[in-house]
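Enquirer: So the sequences go chain by chain: L and W.
According to our numbering, the first sequence holds residues 1 to 264 in order.
According to our numbering, the second sequence holds residues 1 to 256 in order.
Just passing along the structure, written as structure tokens.
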Amino acid sequence: MFHGKAIKEKIKNGKPVVQVMLRFASPEIVELMALNGVDIVIIDNEHYPFDPQTMIAIARAVNAVGGCCVARLPNAEPARIAQVMDMGIDGVWLPSCENYEEARALVDGMKFPPVGKRGFCPIVRSADYGKGMTPSEFAAKSNEESLCFIQIESKSGVEDLDRILSIEDIDSVAIGPSDLSASYGFPGDYNNPIVTNAIKYIKSKTRAVGKCDGGMFHTAEAMAKAVASGEHLVSIGSDQQILMNRTKLMISTIQSWRENHKIS
Amino acid sequence: MLGRNNIREKMKNKEPLISCMLRFPVPATMEILALAGVDLVIIDNEHYPFNPQTLIDLVRAADVHGMATCVRVPNCEPTRIAQIMDMGVDGIMVPSVDSYEEAMQLVNAVKYPPLGTRGFCPITRAASYGMKMKPDEFAAFSNEKSFVIVQIETKSGVADLEKILSIPDVDVIEYGPSDLAASYGMPGHNDDPQIQTIVNEIISKALSAGKDVPYMVHSPEAAIEALEKGFTHISLGSDQQMITAGIRALVGEVKK
């Protein structure tokens, strides 16, 4: 059960692909996301806890309604990447990629030989438990379809960008503005020219080699602008932010009406 | 935590309230609703599954941020209601209450004697494990602070409405337009004038009997409409509906 090729083709044909971060360990929220047009659910296991069994339940939930998911892991530790891939999760997202070697470790962890070094078990959930594919077919298909996402969030990642981008199996390069601003010595100062220039540099280099720059947006306006400017892989924040923003919108509407009518 | 927010008193005094249903067993969403300013979350265990241990975790998550909680259980079965009250929730909601007798069964399950017949254990989580009050004080406190929400969703419930409203410990009346329409032989026709008339009658009778009547809205515009009509207790729908609305607005922008 693979979905990566369809996603890669969509992007290549200029069709928008929507991804959203999942921060709450809820298969139900995943179903809601996929049913409402989200293409890729990113399970954020960098900052939020997920039990391994819950992760596989989440993969199943998203697959059941025809969507797919990618796991954001805290690092490129190979055994952990292999376990996640074995679950039938369609890819791995590595935050804070500092250099070529780390990006290479991600590819090595995700892909079977000859591309990488992932341990090979051809009867895992990802292989449909060995039904319908020969082991060699599974290995080839997994290598071809799996989604390899990295995030550049530091000065050293920017400095090694050319070498990182030379790795063919990296599909998308996202930017982490918060960590990036901190890494340049201006934490939170997103409008600092050094930070904005670094972001521009990452985006243009990434696009020039035909890879995606996955931007993250929290408002419909910002997203419309990004899509109009040719971004195909867009991220709409997370379940957490979506719930918080919607609840705040509803409550601020109610509270300001009450204030205007002197009810408190 | 039972009674901490005086939510029952606020319902009685028609003070401004905001409530929301919770349908997914995620303690973090409970925390977000609390931090965003929701006063009361009703966990929907009529239509959605919750493990008992998860329920108590959810209540604890709300308690961390001082938000009141209530559980919608599928019926008036007393032992289930007692178990949930023992967790420290502020109230119980029961759907489709069809008669005075059923409403009394609910009150009996929520309240200790002399008001009801709930089994008494004064060292549960609701009683702060017996650390804060003497048993008799806790029984009186729980009876005073706990609230009862009755949903009128059928023809027979409507027929018995006045008797149900006469029960002092029924604090809140909600109505269910979908089930009501079905019960009157018109499933799906929630907007039929006959159903609208019945809904309006439930609302006005409940309000004049001094009951709290929450009004459910799914958009900022609908919230303003409800406030202009004079409703003091606004319900935001559920986590499910708010996440859906948020996702749709964003995805819609990309996939026009």
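Cβ coordinates follow ideal geometry from the N, Cα and C atoms, glycine included.
1. Within the same chain, show all residues whose beta-carbon is closer than 7 Å to that of Tyr112(W), passing over the 5 residues directly before and after it, in chain order.
2. Mind pulling the chain W residues with CB within less than 7 Å of Val24(L)?
3. Could you check which residue in Met104(W), Val213(W), Glu31(W) and Ile7(W) has the C-alpha nearest to that of Leu227(W)?
4. Once the 5 residues before and after Ile18(W) are set aside, which same chain residues still bring their CB inside 7 Å of it?
5. Can you tell me whether Thr79(W) is buried or exposed, with buried defined as 16 or more other CB within 10 angstroms of its CB?
6. Counting pairs of beta carbons, one from the region 127 to 147 of chain L and one from the region 95 to 106 of chain L, are three or more of them closer than 8 Å?
7. If the cut-off is 7 Å on Cβ atoms, which residues from the region 221 to 232 of chain W count as contacting chain L, listed in chain order?
8. Does the region 135 to 153 of chain L touch the region 184 to 193 of chain L, meaning 3 or more C-beta pairs lie closer than 8 Å?
9. Are the region 218 to 235 of chain L and the region 187 to 196 of chain W touching by the rule of at least three beta carbon pairs closer than 8 Å?
10. Quick one: list the residues of chain L neighbouring Thr244(W), beta-carbon separation under 7 Å, in chain order.
11. Sorted by chain position, which residues of the same chain lie with C-beta nearer than 8 Å to Lys141(L)'s C-beta, five sequence neighbours on each side aside?
12. Among Gly188(W), Pro25(W), Glu253(W) and Ala103(W), which has the Cα closest to the Cα of Asp239(W)?
13. On the CB-based measure, 16 or more other CB atoms within 10 Å of its CB, does Lys134(W) come out buried or exposed?
14. Could one say the Cβ of Thr247(L) lies closer than 8 Å to chain W's Cβ atoms, at least one of them?
15. Please compile the residues from chain L whose C-beta is within a distance smaller than 8 Å of the C-beta of Ile247(W).
16. Under DSSP, the alpha helix (DSSP H) around Tyr100(L) begins and ends at which residues?
17. For Ile152(L), would you say it is in contact with chain W, using Cβ-to-Cβ distances shorter than 8 Å as the test?
18. If the criterion is Cβ atoms closer than 8 Å, does the pair Val89(W) and Gln151(W) meet it?
19. On a Cα-Cα basis, can you pick out the residue from Met131(W), Lys145(W), Leu180(W) and Tyr175(W) that is closest to Asp169(W)?
20. DSSP three-state call for Ser235(L): helix, strand or coil?
21. If the cut is a Cβ gap below 7 Å, which residues of chain W does Thr253(L) touch?
22. In terms of residue numbering, what span does the beta strand (DSSP E) encompassing Ala71(L) cover?
23. Could you name the residues of chain W that Ile263(L) contacts, counting a contact when the two beta carbons are closer than 7 Å?
24. In the structure shown, what three-state DSSP assignment does Val284(W) receive?
25. Can a CB atom of chain L be found closer than 8 Å to the CB of Gly37(W)?
26. Take Glu161(W) and list the residues in its own chain whose beta-carbon comes closer than 7 Å to its own, dropping the five residues that flank it on each side.
27. With DSSP as the reference, identify every bridge partner of Thr154(W), one or two as the case may be.
28. Listing by chain order, which chain L residues have their CB less than 7 Å from the CB of Ile234(W)?
29. How is His174(L) classed by DSSP in three states: helix, strand or coil?
30. Check whether the region 110 to 118 of chain L and the region 11 to 31 of chain L are in contact - that is, three or more C-beta pairs closer than 8 Å.
31. For my contact list, Asp213(L) and Lys200(L) are in at a C-beta cut-off of 8 Å; report their separation, rounded to the angstrom.
32. Starting from Ile32(W), find everything on chain L with Cβ-Cβ shorter than 8 Å and list it in chain order.
33. Compare the C-beta of Gln259(W) against all C-beta atoms of chain L and say whether one is closer than 8 Å.
34. Out of Val92(L), Gly14(L), Asn36(L) and Val65(L), state which residue places its alpha-carbon closest to the alpha-carbon of Ala174(L).
35. Kindly list the residues whose CB is nearer than 7 Å to the CB of Ile123(W), restricted to its own chain and excluding five residues on each side of it in sequence; keep chain order.
36. Any C-beta of chain L sitting closer than 8 Å to the C-beta of Leu250(W)?
Expert: Once the coordinates are examined:
1. Cβ within range, chain order: Arg118, Phe120, Ala139, Ser142 and Asn143.
2. The displayed chain sequence assigns Phe, not Val, to residue 24(L). What Phe24(L) touches in chain W, judged by beta-carbon distance under 7 Å, is Val26, Ala28 and Thr29, going in chain order.
3. Of Met104(W), Val213(W), Glu31(W) and Ile7(W), the residue nearest in Cα terms is Val213(W).
4. Within the same chain, Ile18(W) has close Cβ partners Gly37, Val38, Asp39, Ile234 and Leu236.
5. By the 10 Å Cβ count, Thr79(W) comes out exposed.
6. Short answer: they don't touch.
7. Under the 7 Å Cβ criterion, the region 221 to 232 of chain W contributes Ala223, Ile224 and Leu227.
8. No, because fewer than three Cβ pairs between the region 184 to 193 of chain L and the region 135 to 153 of chain L fall closer than 8 Å, the two stretches do not touch.
9. In this structure the region 218 to 235 of chain L does not lie against the region 187 to 196 of chain W, because fewer than three pairs of beta carbons, one per stretch, are closer than 8 Å.
10. Here the neighbours are Leu32 and Asn36.
11. So the qualifying residues of the chain are Phe2 and Met133.
12. With distances taken between CA atoms, Asp239(W) lies nearest to Pro25(W) out of Gly188(W), Pro25(W), Glu253(W) and Ala103(W).
13. Classification for Lys134(W): exposed.
14. Answer yes: the Cβ-Cβ gap between Thr247(L) and chain W drops below 8 Å somewhere.
15. Val20, Leu32, Met33, Asn36, Gly37, Val38, Ile236 and Ile242, listed in chain order.
16. Run containing Tyr100(L): Tyr100 to Met110, per the alpha helix (DSSP H) assignment.
17. No, Ile152(L) lies away from the interface with chain W (no Cβ there is under 8 Å from its Cβ).
18. Contact flag unset, no.
19. Minimum Cα distance to Asp169(W) is reached at Lys145(W).
20. Of the three classes helix, strand and coil, the one that applies to Ser235(L) here is strand, per DSSP.
21. Neighbourhood of Thr253(L) in chain W, by CB distance below 7 Å: Pro220, Ala223 and Ile224, in chain order.
22. Looking at the DSSP string, the run of the beta strand (DSSP E) that includes Ala71(L) is Cys68 to Arg72.
23. Residues of chain W passing the Cβ test: Pro16.
24. The question about residue 284(W) has no answer, for chain W in this structure spans 1 to 256.
25. Gly37(W) counts as touching chain L.
26. One point to set straight first is that residue 161(W) is Leu, not Glu, in the sequence displayed. Within the same chain, Cβ atoms closer than 7 Å to the Cβ of Leu161(W) are found at Ile152, Ile202 and Lys205, the five residues on either side in sequence being excluded.
27. Residue pairing from DSSP leaves Thr154(W) without any beta-bridge partner.
28. What Ile234(W) touches in chain L: Ile254.
29. In the sequence as displayed, the identity of residue 174(L) is Ala instead of His. In this structure, Ala174(L) counts as strand in the three-state DSSP scheme.
30. Put simply, the region 110 to 118 of chain L does not touch the region 11 to 31 of chain L. Fewer than three CB pairs are less than 8 Å apart.
31. Beta-carbon to beta-carbon, Asp213(L) and Lys200(L) are separated by about 10 Å, too far to satisfy the 8 Å threshold.
32. Residues of chain L passing the Cβ test: Gln240, Leu243, Met244 and Thr247.
33. No statement about residue 259(W) is possible, as the shown extent of chain W runs from 1 to 256 and does not include it.
34. The candidate whose alpha carbon is nearest that of Ala174(L) is Val92(L).
35. Taken in chain order, the residues that qualify are Tyr129 and Gly130.
36. It does: the Cβ of Leu250(W) has a partner Cβ on chain L nearer than 8 Å.
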